[in-house]
Amino acid sequence: MRKFIFIVFLAFAGFHFSHAQALRTPQPSTTTTIKQEFALSNIELSYSRPSMKGRTIFGDLVPYGKVWRTGANGATTITFGEDVNIGGTAVKAGKYGLLTIPEATKWTIILTKQLDVTSPAAYKQDQDVVRVSAETRPLNYPMENFTLMFGNISANACELWMLWDNTIVSLPIKTDVDTKVMAQINDAMNKDSRPYFSAAMYYMDNNKDLNKALEWLDKAAVQNPQAFWVLHQKANCQAKLGKKAEAIATAEKSITLAKAAKNDDYVKLNEDLIKKLK
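Sequential numbering of the sequence shown, starting at 0, is according to numbering that gives the first Met the number 0.
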């Protein structure tokens, strides 16, 4: 009888232990992965987000003058889909560890080949890829959770923002997108199917040869005679070249096609352009 009771006890204890092992609770520092489209590819960040919870952050929880994982739990990593430039240093496409050394008025930001640094003792300076200094700026409101995000995004530059408590630090990231796009355009224009419209828009958006852009827009209109959006951009290009009468005539053609396609947005865009030119 005692043996039977003991066996039942073990079975009951084992049942509760297995269920205790399976218990899942919220993580105090949640893991986040963000992907930002940039230039001709993406930048991806993976990190954990600790909370303030009423604590003093910089100079206490995160000591000044020591390497910080720039997050919590595992190492923080950043992956570039193409070559970039950080602080005047060329950085190849690939995955890197993101580390920082916070100070009261400035931080040292480090990209390292090491992907597993979670403490100062694990850090090896000879594995640095780039090391730059960035000034701290005050936030207008406290940020409860440590946050990495991208801002001031343009075709060839962006900033990685690091925010926590009342502090923000920015890391400028650049890339030579123009050289890459121009190489693509030159290559594409030697093929049978030519992206005239995309190439023309790039020339217009980046203040390149507008006469060449107009030539390509003419060819794009021939490729797709019903494309009211192509004619609208052709009118814009003509306007930039000072060809007002031609621009108005082209915009009126675009209005006719846009009305047939029931696209009120382009009707208004063309009407606004005509008003501006008259």
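Don't be surprised by glycine CBs; every beta carbon is placed ideally from N, CA and C.
Local conformation of residue i per DSSP, three classes
i: Lys277; result: coil
i: Glu43; result: strand
i: Phe16; result: Residue placement at Phe16 cannot be trusted, given a pLDDT of 48 that sits under 50; the coordinates are not used to answer.
i: Leu272; result: helix
i: Asn155; result: coil
i: Met142; result: strand
i: Ile184; result: helix
i: Lys267; result: helix
i: Ile100; result: strand
i: Asn235; result: helix
i: Ser61; result: Before going further, note that residue 61 is Val rather than Ser in the sequence given. Reduced to three states, the DSSP call for Val61 is strand.
i: Asn262; result: coil
i: Tyr202; result: helix
i: Ser197; result: helix
Cβ-based neighbour list, residue i, same chain, cut-off 6 Å, excluding 5 preceding and 5 following
i: Met148; result: Trp160
i: Leu110; result: Tyr95, Val128 and Val129
i: Thr117; result: Arg68 and Ala74
i: Pro224; result: none
i: Asn41; result: Lys34 and Gly80
i: Ala154; result: Val176
i: Leu240; result: Leu209
i: Thr174; result: Ala38, Val83 and Asn155
7 Å CB neighbourhood of residue i in its chain, flanking five on each side removed
i: Leu39; result: Glu81, Val176 and Lys179
i: Ser253; result: Phe227, Leu230, His231, Ala234, Tyr265 and Asn269
i: Asn165; result: Pro137, Leu138 and Pro141
i: Phe145; result: Arg48, Pro49, Gly70 and Trp163
i: Pro101; result: Phe57, Val61, Tyr63 and Trp67
i: Ser132; result: Lys105 and Thr107
i: Thr249; result: Leu230, Lys233, Ala234 and Gln237
Residues bridged to residue i [DSSP beta-bridge criterion]
i: Asn84; result: Ala89 and Lys173
i: Phe79; result: Ile42 and Gly93
i: Arg130; result: Ile109
i: Lys34; result: Glu43
i: Gly150; result: Glu158
i: Ile167; result: Arg136 and Leu162
i: Arg48; result: Thr29
i: Trp67; result: Thr99
Residue i CB to nearest heavy atom of the ligand PLP below 7 Å
i: Lys179; result: Of the ligands one can find in the structure shown there are none, so the ligand PLP has no counterpart to examine.
Beta-carbon contacts of residue i that lie in its chain and below 8 Å, excluding the five residues immediately before and after
i: Phe11; result: The predicted position of Phe11 is uncertain, since its pLDDT is 49 and thus under 50; no value can be drawn from it.
Are the stretch 59 to 68 and the stretch 96 to 108 in contact at 8 Å, needing three or more beta carbon pairs? yes
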